[in-house]
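I have placed the structure first, in the form of structure tokens, so that the comments after it can refer back to it.
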Amino acid sequence: MTTKLYPWVRKISSKSFEQMARSSTRYQAALNANPEASETALNAPLTANGDADGQITVEYETKIIAAAL
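With our numbering applied, the sequence shown corresponds to residues -9 to 59, in that order.
This is the structure:
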């Protein structure tokens, strides 16, 4: 079997990015372990990557998690 990765990009608002991050189980675990550091870590990409319209460019990469033959 051959697999290929198909990356795609979209722009989302900083609020949508924040909601997406907060729904992540990894983020929730980090937030529970260290709330102050987690908030700083979330704000860093928002500040660094937001454009003039407050949009964040998000790149996705498709991966096959499991395949049945």
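Glycine residues also receive a C-beta, built at the ideal position from the N, C-alpha and C atoms.
Where residue i sits in the DSSP three-state scheme
i, result
"S13", "coil"
For residue i, the nearest candidate out of the options (CA to CA)
i, options, result
"G44", "S3, W(-2) and P35", "S3"
For residue i, the residue or residues it bridges with in DSSP
i, result
"S6", "None, per the DSSP bridge assignment."
"E26", "Per DSSP, none; premise fails for E26."
"Q45", "S3"
Rounded C-alpha distance that separates residue i from residue j
i, j, result
"D41", "R16", "26 Å"
"L32", "N39", "12 Å"
"E104", "L21", "Past the edges of the chain, shown from -9 to 59, lies residue 104, and the structure says nothing about it."
"A11", "E26", "15 Å"
"A34", "I46", "12 Å"
"E49", "V(-1)", "4 Å"
"A88", "S13", "Nothing can be reported for residue 88, as the shown portion of the chain is limited to -9 through 59."
"T30", "E51", "25 Å"
9 Å Cβ cutoff, residue i in contact with chain C
i, result
"K1", "Chain labels in this structure do not include chain C; a single protein chain is all it has."
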